[in-house]
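In terms of the working numbering, the sequence shown opens at residue 14 and continues consecutively.
Idealized CB from N, CA, C, for every residue including glycine.
Predicted model only: the values in this text are computed from it and were never measured.
What follows is one structure encoded as structure tokens, with my remarks underneath.
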Amino acid sequence: RVLDRLVGYELSPLLWKKVGRGLSAGRVQSVAVRLVVEREREIQRFVPQEYWNLSVLLETAKKERFTAVLSRIDGKKATVRDEETARGLCDELNGEYRIATVTQKVQKKFPAPPFITSTLQQEASRRYHFPAQKTMSLAQKLYEGIELGKDKELTGLITYMRTDSTRLSEDSLTEAREYIGQRFGGEFLPAKANVYKTKSTAQDAHEAIRPTDVARTPEQVEQLILSSNTNRTDARNLARLYEVIWKRFVASQMNPAIFDATVVETERGRLTLRSSGSVQRFAGFTVLYEENREKEAEKASAGEETPDPEGDNQLPDLKVDERPGLVSVNREQRFTQPPPRFSEATLIRELEEKGIGRPSTYATIMTTIANRKYIERAAGRFVPTELGEIVTDLLVTAFPEVVNVEFTADMEKNLDGVEEDQIQWRKLIGDFYTTFHPVVVSAERDLPNIRSKIEPTDIPCDKCGGNMVIRWGSNGSFLACSNYPDCKNTREYRKEANGKVSVVEPEKRDEKCPLCASGMIVRQSKFGPFLGCTRYPECKGTLPLTLPYKCPKPDCKGMLVEKRGKKGKVFFGCSNYGTATPCDFVTWDRPMKETCPQCGNDYLFLKSTLRRARKTLVCPKCNFTKNAEN
């Protein structure tokens, strides 16, 4: 805590002077922002590479079909980079085939350990899209207790939620094993309790996150919470979080799932093709719970070719030297993908894997970097803002060690040494501050002042003819007239990779200003897009930015508008809200441009079913429903 305050108290005032008021820096939060910034720049630098996947559909003598994918050419990994090569190989794939090898083995899938703070945050983010702060707030309520039953007795439902240990008490293990045996049967119960290894850096002050009483099933708790005085939305979220904690704990003490996996290699001359499949023999813990993991593309490194997923399908009973017939040859063009942007779950995982920060601090870090406007969320992913990039570049220039991933991880190890009485904390802090403070003094003197920085351009002002310059404001950089304050013209701009600056022309709309009847253009605020008068700042007339969809309420002539709540979450309401013909329609569901096949309505709402992590499209008029494909 002393170390974090030394870093924060020294760096934050520096940012206030050089960039803008209200900013902050920290030993861990600044590294988190740097990870997001560097990932975004890696994505921008990425150059997609073309490749082709080739496969054949084969048929056995018993008319059973299966797919084989080209895997090797002349014994080496098949890499097909262009269409010409792909066409040549497709010609070569026409002919007779022979089954070269059939490999069968039993695979086991083991349950995940019970939750610690960071894994609970990650799973709640993936499964329910909960921010880390919300997860911790809900977990705190479950820990402190909910008024349950007729007597409204305050009952704690889970153990302490700030922990980095997977250790479980003997009593809880006994309860879990008894429950598993009674509900699922002896075949789901291992011979002895499953014990999970805790990281050597874990503090181990508290056991893993688990239900206080395994007999309180999620179904029972959901009914009790819903019948309590708890807000209905909060009640559902509390029930969801309890359910995943309970299931993860019970599943952690069950037997693994067992699969029969088969890999078949088929030969056609110098070409080797691969088929794979697996069939579940025993469900094991998956009968109760499976971790909601990211797609393979999420885990793949930048530039890697994404393989076709190995299915859970059952292959025919194939024998070596069997000769299946060719049905068709298929080729598919693909391109390598850049690494994905961080989600909250994957950023927490990255910090944890690199040994940065403590599980108990991750929720605060995620909230802080968003509140400071260092990052924005786009489709559930973190995108660095211009402010985040500028602050990161300043800190990396002046304090390369402080925002260095390895340095921060090593400092965490030293802090563990302090806790274990292996390192004197006064010496650790003293050694750090002796080198850190002089660098701060130098930075105050040498770093450029972003707040007062003016970058000239060759763009003329469209109002007075002066030159436009790039200035810095609280919401980032913008073009402003060099004749300010006599001319207050401002424009948005974009800067190309070669440094060329161009004006971003605002989108003009047909609506008229309610104050002066001038034209309206799309403008941006911290609460999202809106319509502003073209005569701003002389006229400050505004209108909500309407979407091309009519309000679904009967007899309402308003249009849907996109809005943002105080915490930045997007929702949709009626443009007639607060007018002479008021309409209170509001929804979290995003309207999608797709015609309803049942009633012809020109849009459908995209609904997310968090409990099942499933998305559906629903018509607001006739309630027609279908699965959302993408």
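{"Item": "C-alpha gap between Thr-592 and Pro-413, whole angstroms", "Value": "54 Å"}
{"Item": "Segment contact, 8 Å Cβ cut-off, at least three pairs: the region 128-145 with the region 347-359", "Value": "yes"}
{"Item": "Residue of Leu-617, Lys-570, Met-605, Leu-528 minimising C-alpha distance to Thr-594", "Value": "Lys-570"}
{"Item": "Strand pairing of Met-605, partner residues [DSSP]", "Value": "Leu-617"}
{"Item": "Beta-carbon proximity of Asn-107 to Leu-339, cut-off 8 Å", "Value": "yes"}
{"Item": "Local Cβ density within 10 Å of Cys-477, reported as buried at 16 or more and exposed below that", "Value": "exposed"}
{"Item": "Inter-residue spacing [alpha-carbon to alpha-carbon] between Gly-324 and Val-396", "Value": "Legend: pLDDT at Gly-324 = 48, less than 50; position of this residue unreliable, no value from coordinates given."}
{"Item": "Cα-Cα separation between Leu-161 and Ile-238, rounded to whole angstroms", "Value": "7 Å"}
{"Item": "Cβ neighbour criterion (16 or more within 10 Å) applied to Val-482", "Value": "buried"}
{"Item": "Residue range of the unbroken alpha helix (DSSP H) whose run includes Ala-64", "Value": "Reading off the sequence shown, one finds Tyr at residue 64, where the question assumed Ala. Per DSSP, Tyr-64 belongs to no alpha helix (DSSP H); it is in the beta strand (DSSP E), 63-72."}
{"Item": "Beta carbon of Ala-189 nearer than 8 Å to that of Val-263", "Value": "yes"}
{"Item": "Reduced DSSP category for Arg-175 - H, G, I as helix; E, B as strand; rest coil", "Value": "coil"}
{"Item": "Chain-order list of residues whose beta-carbon lies under 8 Å from that of Ser-241 (same chain, five-residue window excluded)", "Value": "Ile-159, Glu-160, Leu-161, Lys-165, Ala-248"}
{"Item": "Ordered list of beta strand (DSSP E) runs contained in the region 432-504, each at least 3 residues", "Value": "468-473, 480-486, 489-494"}
{"Item": "Cβ pair Asn-102, Leu-71 closer than 8 Å", "Value": "In the sequence on display, residue 102 carries Leu and not Asn. Cβ atoms of Leu-102 and Leu-71: not closer than 8 Å."}
{"Item": "Limits of the beta strand (DSSP E) - the one that Asp-523 falls within", "Value": "521-525"}
{"Item": "Per DSSP, cross-strand counterpart(s) of Cys-662", "Value": "Here the chain covers residues 14 to 643 and nothing more, so residue 662 does not appear."}
{"Item": "Residue from Ala-392, Pro-604, Val-404, Arg-394 whose Cα sits closest to the Cα of Arg-385", "Value": "Val-404"}
{"Item": "C-alpha distance - Met-533 paired with Ser-588, whole-angstrom precision", "Value": "16 Å"}
{"Item": "Reduced DSSP category for Glu-53 - H, G, I as helix; E, B as strand; rest coil", "Value": "helix"}
{"Item": "Leu-301 to Lys-260 span [Cα, whole Å]", "Value": "7 Å"}
{"Item": "Those residues which DSSP pairs with Lys-89 across a bridge", "Value": "Ile-86"}
{"Item": "Member of Cys-632, Leu-619, Ser-490 whose CA lies at the smallest distance from the CA of Pro-610", "Value": "Cys-632"}
{"Item": "Among Trp-29, Ser-43, Arg-18, nearest to Ile-382 - alpha-carbon criterion", "Value": "Ser-43"}
{"Item": "Buried/exposed call for Val-208, threshold 16 Cβ in 10 Å", "Value": "exposed"}
{"Item": "Pairwise C-alpha distance: Gly-290 and Lys-331", "Value": "A quick correction: the sequence has Leu, not Lys, at residue 331. Cα to Cα, Leu-331 sits roughly 12 Å from Gly-290."}
{"Item": "Rounded C-alpha distance that separates Gly-204 from Ser-178", "Value": "Just to set this straight, residue 204 is Ala in the shown sequence, not Gly. The straight-line gap from Cα to Cα measures roughly 23 Å."}
{"Item": "Contact set for His-450: own chain, Cβ-Cβ below 8 Å, skip 5 residues either direction", "Value": "Glu-23"}
{"Item": "Own chain, CB closer than 7 Å to Cys-500, minus 5 neighbours either side, in chain order", "Value": "Cys-474, Lys-476, Cys-477, Gly-479, Cys-494"}
{"Item": "Cα-Cα separation, Glu-389 to Thr-377", "Value": "16 Å"}
{"Item": "DSSP three-state assignment for Gly-401, whether helix, strand or coil", "Value": "helix"}
{"Item": "Of the listed residues Ala-91, Lys-75, Thr-230, nearest to Arg-336 (C-alpha basis)", "Value": "Lys-75"}
{"Item": "Gln-327 at chain C interface by Cβ criterion, 8 Å", "Value": "You won't find chain C in this structure, because it holds only one protein chain."}
{"Item": "Whole-angstrom distance between Cys-546 and Ile-129, CA atom to CA atom", "Value": "52 Å"}
{"Item": "Closest residue to Leu-67 among Glu-51, Glu-77, Glu-105, Val-50 (Cα-Cα distance)", "Value": "Glu-105"}
{"Item": "Cutoff 7 Å; reference Glu-399; Cβ partners in own chain excluding five residues on either side", "Value": "Gly-489, Ser-490"}
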